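Input: a single structure, listed below in structure tokens.
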Amino acid sequence: MKTFPRLPERGDFAFQMLVAPFRSTGAALHDLRGFYGLHLSKTMPFGCLRDDEGEMYSVVRSVNSPTGTPNATRFVYQSTRIDGKTLRMDKPRMAAQAQTLMPTRALKGDTAVWTSLPDEPSEPGNAWKLEASGEQMHWVEDGLFDIKGRIIGPGMQWYLPGVDWGTFYVSQLYDVSGTCEGRAVKGIMAVEQSYMAEGGQVHSKKCLIVNNRKHVIWCAFANVYADGSIDAGTFLVGHENLGFAFLTNEKGEASTTTDIEGEVKHKAGGYHVDTARVIIEGRDEWEFLPDPKGEMVDFLGGFPPTAQQEGRWRRVGDTRVPDRWFAWGETDKRNGTSRNVLGLED
64 MKTFPRLPER GDFAFQMLVA PFRSTGAALH DLRGFYGLHL SKTMPFGCLR
114 DDEGEMYSVV RSVNSPTGTP NATRFVYQST RIDGKTLRMD KPRMAAQAQT
164 LMPTRALKGD TAVWTSLPDE PSEPGNAWKL EASGEQMHWV EDGLFDIKGR
214 IIGPGMQWYL PGVDWGTFYV SQLYDVSGTC EGRAVKGIMA VEQSYMAEGG
264 QVHSKKCLIV NNRKHVIWCA FANVYADGSI DAGTFLVGHE NLGFAFLTNE
314 KGEASTTTDI EGEVKHKAGG YHVDTARVII EGRDEWEFLP DPKGEMVDFL
364 GGFPPTAQQE GRWRRVGDTR VPDRWFAWGE TDKRNGTSRN VLGLED
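Now the structure itself:
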């Protein structure tokens, strides 16, 4: 049974979460309705691509909702080709893309479509388009990349209630391929949506997890193996009762639990991960393998305020080698190293 060292006030559930799979559809992605008194904040396509030489390209765009609070940063493009050592923001290429405040929105059949405003004089930059449904996604950034692919498993949804704020969060993963900077690439992309209190923003404003410094490990991941098998999902471990595991596979099966523990060790003198492990329901152990070039050093001190990193999650003892994968995750050394082991740094 759970214990409660801190007696919460009415409406405070001590960071207990709900998590479940759901059936992804384009109509739901397009819908502006809210849930649990929360407003749709934004849609977030993001992920990691690799070319035949093993170089990485990580990308994220903030696709604002009419009911959301705009991000200060709307498009981030990182590459290991900048310095050959780690993922660095390619600021000239970022600046060349349209920094759209409010995209066009449409529903074509069962595909949700968002686009830049190419005919708007006040919006310079290369056009972009995102299409997503319960079957596939297609993301084009003119002059930079063109990728598309099929969905992986069912969608994931979690809900975290709070007295004044809350968060409802949904995610779909896609196995994609295409071209980036003129090179053939393949990888994994997520399309996620967040629902926040009015004026709220994940990682920044009225964010129960980040504003209360509660999370230790938070990572979405997927491994697509040569034989067609798949491991994919999300791990979240934090303080009090915060945390869950969501796992799916190539059969579309999904399993969830809030019985998860984890531990992270950071590099000496740094904020990025040296090693990390989670244990699900006391028996299923997974380990994070940081990519040698996976540290996203340009995020430190900016937005989001946590250490972002690329790598791979695998079950301990699993020797399969994936053909394509991603594990875009974050930790925060200031928050501590495991559940209720708090950090010491400001």
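Quick note, the working numbering runs 63 ahead of the 1-based positions in the sequence shown. Backbone N, C-alpha and C define an ideal beta-carbon position, used for all residues, glycine too. Since the model is a prediction, treat every value here as computed from it, not as a measurement.
Query, Result
"Please go through the stretch 374-408 and give each complete alpha helix (DSSP H) segment of 4 or more residues, from N-terminal end onward.", "none"
"Buried or exposed for residue 138, please, with buried defined as at least 16 other CB atoms from any protein chain shown within 10 angstroms of its CB.", "buried"
"Within its chain, find whatever has a CB closer than 8 Å to the CB of residue 315; leave out the 5 residues flanking it on each side and keep chain order.", "216 and 217"
"For residue 249, which residues from the same chain have a beta carbon less than 6 Å from its beta carbon, with the 5 sequence-adjacent residues on both sides left out?", "240 and 387"
"Grab the span of the alpha helix (DSSP H) containing residue 154 for me, first residue to last.", "154-159"
"Determine the closest residue to residue 92 out of 162, 166, 197 and 117, with distance taken between C-alpha atoms.", "197"
"How long is the line joining the alpha carbons of residue 307 and residue 167, rounded to whole angstroms?", "34 Å"
"Can you grab the Cα-Cα spacing for the pair residue 340 / residue 326, in whole Å?", "6 Å"
"Are the stretch 206-215 and the stretch 67-82 touching, with three or more C-beta to C-beta distances below 8 Å?", "no"
"Residues bridged to residue 358 by DSSP?", "372"
"How is the beta strand (DSSP E) around residue 265 delimited, first residue to last?", "First-last for residue 265: undefined, no H or E at that position."
"Under 8 Å by Cβ, that's how I've got residue 110 and residue 251 pegged, so tell me the actual separation to the nearest angstrom.", "5 Å"
"Is it buried or exposed for residue 305, if we count other Cβ within 10 angstroms and need 16 for buried?", "buried"
"Return the first residue and the last residue of the beta strand (DSSP E) that residue 312 is part of.", "306-312"
"Assuming residue 74 contacts residue 254 under a Cβ cut-off of 8 Å, what Cβ separation, rounded to an integer in Å, is found between them?", "With a Cβ gap of about 31 Å, residue 74 and residue 254 do not count as contacting."
"Tell me where the alpha helix (DSSP H) around residue 271 begins and ends.", "271-274"
"Using 10 angstroms around the beta-carbon of residue 364, count the other beta-carbons present and answer buried if the total reaches 16, otherwise exposed.", "exposed"
"Using a Cβ-Cβ cutoff of less than 6 Å, which residues in the same chain neighbour residue 152 once the five nearest sequence positions on both sides are dropped?", "141 and 361"
"Would residue 358 and residue 372 be called neighbours here (beta carbons separated by less than 8 Å)?", "yes"
"How many whole angstroms separate the CB atoms of residue 312 and residue 385, which I take to be in contact at a CB cut-off of 8 Å?", "Not really, about 13 Å apart at Cβ, beyond 8 Å."
"Given a cut-off of 8 Å on the beta-carbon distance, is the pair residue 243 and residue 334 in contact?", "no"
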